[in-house]
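Heads up: the sequence lines are chains Y and S, in that order. So that you can map any letter, position 242 of the first sequence is 249 in this note's numbering, and since no number is skipped, the others follow by simple counting. So that you can map any letter, position 16 of the second sequence is 592 in this note's numbering, and since no number is skipped, the others follow by simple counting. All C-beta atoms, glycine included, are put in the ideal place defined by N, C-alpha and C. Values in this document were obtained by computation on a predicted structure and should not be read as measured data.
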Amino acid sequence: MKFKVNGEDVYASTGGRPFDKNKPLIIFVHGSGLTHMTWVLQTRYFAFHGYSVLALDMPGHGLSGGKSLKSIEDMAEWIGKVIDSVGYKEASLVGHSQGCLVTIECTSRYPDKIKTLSLMGGAGAIPMNPELLSLAENNDPKAVDLMMDWAHGPAGHFGGHPVPGLYHINTGTMLAKSRTIQNTLGVDFRACDNYKNGFEAAKKIKCPTLSILATDDKMCPVKEGKKLAALIDGSQVDIIDNCGHMMLLEEADRVLKVLKKFITSNYPPKI
Amino acid sequence: MSDKKKEISPKTYKFDTLSLHAGYQPHKNAGSRQVPIYQTTSYLFDDVDHAAALFNLERGGHIYSRISNPTVGVLEERVASLEGGTAALATSSGMSAIFLTVMTLCEAGDHLVVSSQLYGGTVNLFRLTLPKFGITCTFVKPRDTEGFKKAIKKNTKGIFGELVGNPGNELMNMPDVAKIAHDAGIPLIVDATYQTPYLCKPFEHGADIVIHSLTKWMAGHGSSMAGILVEGGNFDWMQNDKFPTMTTPYEGYHGLSFAEEFGPTAFTMKARAEGMRDFGPCLSPQNAWNVLQGIETLSVRMKKHCSNAEEMVKYLLAHESVAWVSHPSVPDHPDHELAKKLLPNGRGSMIAFGIKGGKDAGVAFINNVKLASHLANVGDTRTLVIHPASGTHSQMDEATLKFAGLSHDMIRLSVGIEDIDDIKNDFEVGFRAARKPRLVSNQ
Ligand SMILES: Cc1ncc(COP(=O)(O)O)c(C=O)c1O
């Protein structure tokens, strides 16, 4: 569906069900240069099982209008406004990669609004490889190719997509190239590289938190994910073997199972 | 992270590796190194929730082998990876891949612009069968790039062509035709059966959907019928209102908007969820496996096909019994330069040549070669020949033959990967018979 935040069009997938304000809200926040489509194997399930879902396209990404936001802090503020704009007082957040930085920052700023926080392939900081950052800022498609290489584990590199007939690396590449690389990936990578408040923000988080990490994640290694999780009171950690940074697609079923258990027990659906 | 000065480059697997490995992980299949043949019609649901989730496309997985099958899925991912596509849907034959593509794209009342040099079966589909479904076509000669533009109407939903038309070996200027299609907000669909992704990756030249008859070079062994459609993932279905069943909540699939939910894989998702569900031309797991065996050696075979073809072109050009030779590697072929650009790894293994002595000579040649197989197929590892004027098109008069790009003296040759000397020796026998056709018995 489309709605407005700060006067700009925002697109969000509602998971294939009409948006229903009477149901608890889960907001999904994608990673650098990507779109709402990375969440398709989680969102539809929740939408069909008692939740209202918004898998957002961040400003300037996917089908949303406006320009890409330049800092993680601005993105966190913006998520707060999304919740207001759709007429909710509270929501659960799910983030992937850069989306983890955004949701950590958002949860620390709005402790009353955020009811649960789920982090996929998250870390307290995501310093960028300078060469990758520069390629993305210079609109070089090689930035996408490198990201797809590093972001995928064996499932991505060999294949074996949970949805029959889909090929991970090329699908990811097309998502990341769907808008101008320097305006999406370039701005996002810079925002990640600049963001230093992750560990401080994490210490302030009081809501139930889940981290899903993957053994073959080269972008946000397990070690970094655990460091972050250790700072969040009572946070749960789930580690997936033989899987890369794109766990939400590479091991979509496993991610959904863990997420389902965590969200339904801490923020029950309305059926 | 690292601040080493060495230039970084992606280490994603390359073509030859993908042709052996893409789409399959042994550790998820009992360690079986070879792809297992999942000879089953249906798949257990964990519980009712799982069943509902699969039907609602909430989760990925298999329900029923008409819709998808794990062995077929490996083939689909493998071809998608080789083409540089986001997704693929394998079908029971090349024809059904073309039909499903059209039915996913078009509705009654829609129109397609189609290259006139196509496989004969495809011409029949577009000219005679699709009009029965209310889908009409305008044929344009492949070299008439501007003609494609002129033929586009308000209800045109795509342009369809083969890169190298058969049997005339005329090239369609794919990059230019792609631009025409995209300026009109419609996709370009390319049947790349004759090229395979080893010779040409149409997505790199602007195509949006690629089709293969896998029956041919991709499998190579001539044992199994199969087809596939592959999606490039770059076409924006939402740029206009031409494709409502892709872009708006679609009654045909529980109110799903394929383009919004599945973006770069929307077309394949719809072709499977709707097309395969309702028309059902699914590929058998055994045939998928057979085709996979062929794809493992695609590069090696295509190199030999092309080098043998170039040798045969030289041999035929120099031969006293040959009137003319058509192959894009011949320097005076009208598309020689375009072929160099679009087919840098080789110009393919389909040759057409004219035999001196016309129809009778053609008959004698075909009846006397022994190694080359006389049959109605192309792209086998074995050398194949056919004389259209006396066989497949024998009912046509001179004028009709000409319209179809054929002539009485034309022999179509699909060069195999046998030893080149053996192919030439066999042809010598054929040519000798052709020089005195009436003296040689037809057995
Ligand atoms: C270029 C081309 N496309 C499509 C087809 C149809 O494929 P199939 O015979 O697998 O149905 C053929 C078959 O000869 C072909 O040559």
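| Check | Outcome |
| --- | --- |
| Quick one: list the residues of chain Y neighbouring I785 of chain S, beta-carbon separation under 8 Å, in chain order. | Within chain Y, no residue comes near I785 of chain S; the closest Cβ sits about 13 Å away, beyond 8 Å. |
| Of the residues that make up the region 8-39 of chain Y, which ones have a beta carbon closer than 7 Å to any beta carbon in chain S? | S20, G23 |
| What is the DSSP secondary structure of C858 of chain S, counted as helix, strand or coil? | coil |
| What I want to know is whether the C-beta of T968 of chain S ends up closer than 7 Å to one or more non-hydrogen atoms of ligand 1. | no |
| List in chain order: all unbroken beta strand (DSSP E) runs of 3+ residues lying wholly within the region 43-101 of chain Y. | 59-63 |
| Listing by chain order, which chain S residues have their CB less than 9 Å from the CB of D240 of chain Y? | Near D240 of chain Y there are no residues of chain S at all, since even the closest Cβ is about 29 Å away, more than 9 Å. |
| Between Q601 of chain S and chain Y, is any beta-carbon pair separated by less than 8 Å? | yes |
| Starting from the beta carbon of A208 of chain Y, find every residue of chain S whose beta carbon is closer than 8 Å, and list them in chain order. | Within chain S, no residue comes near A208 of chain Y; the closest Cβ sits about 22 Å away, beyond 8 Å. |
| In this structure, does DSSP put V906 of chain S in helix, strand or coil? | coil |
| Near K210 of chain Y, what residues of its chain come up, given a Cβ to Cβ distance below 6 Å and the 5 sequence neighbours on each side ignored? | L238 |
| Let me check understanding here. Comparing Cα to Cα, which of Y:R116, Y:K184, Y:A236, Y:P275 lies closest to G40 of chain Y? | Y:K184 |
| Under 8 Å between beta-carbons, which chain Y residues line up against I584 of chain S? List them in chain order, please. | N136, E138, L139, L153 |
| Between S578 of chain S and chain Y, is there a C-beta pair that is closer than 8 Å? | Its pLDDT being 49, under 50, S578 of chain S is placed unreliably in this model, and the coordinates cannot settle the point. |
| Thinking C-alpha only, which one of S:W793, S:D985, S:R719, S:H687 is nearest N866 of chain S? | S:W793 |
| Per the contact definition of three or more C-beta pairs closer than 8 Å, is the region 46-58 of chain Y in contact with the region 655-670 of chain S? | no |
| Could you have a look at Y829 of chain S and say whether DSSP puts it in helix, strand or coil? | helix |
| For a test of your reading of the model: does the CB of T791 of chain S fall under 7 Å from any non-hydrogen atom of ligand 1? Yes or no. | yes |
| Any Cβ of chain Y within less than 8 Å of the Cβ of T588 of chain S? | yes |
| Using a Cβ-Cβ cut-off of 7 Å (strictly less than) and excluding sequence neighbours within five positions of T824 of chain S, which residues of its own chain qualify? | S833 |
| Using C-beta distances below 6 Å, list every residue in its chain close to Y117 of chain Y, excluding the 5 sequence neighbours before and after it, in chain order. | G87 |
| What is the DSSP secondary structure of M972 of chain S, reduced to helix, strand or coil? | coil |
| Closer than 7 Å between beta carbons: that is the criterion. Which residues of the region 834-848 of chain S meet it against chain Y? | E836, E837, F838, G839, P840, T841, T844, R848 |
| Spell out whether any CB of chain Y is found under 8 Å from the CB atom of R635 of chain S. | yes |
| For ligand 1, is there any heavy atom lying closer than 7 Å to the beta carbon of V961 of chain S? | no |
| So for D956 of chain S, helix, strand or coil by DSSP? | coil |
| Given that R644 of chain S touches chain Y, what residues does it touch there, using C-beta distances under 8 Å? | Here residue 644 of chain S is Ser; the residue named in the question, Arg, does not match the sequence. Those are P171, G172, listed as they occur along chain Y. |
| State yes or no: is the C-beta of V655 of chain S within less than 8 Å of the C-beta of V806 of chain S? | yes |
| Say whether the region 782-790 of chain S touches the region 741-759 of chain S, bearing in mind that this needs 3 or more beta-carbon pairs closer than 8 Å, one atom from each stretch. | yes |
| Can you tell me the Cα-Cα spacing of F269 of chain Y and L217 of chain Y, whole angstroms? | 7 Å |
| Mind checking R186 of chain Y: buried by the 16 CB within 10 Å criterion, or exposed? | buried |
| Determine the contact status of I219 of chain Y and M254 of chain Y, defining contact as a CB-CB distance below 8 Å. | yes |
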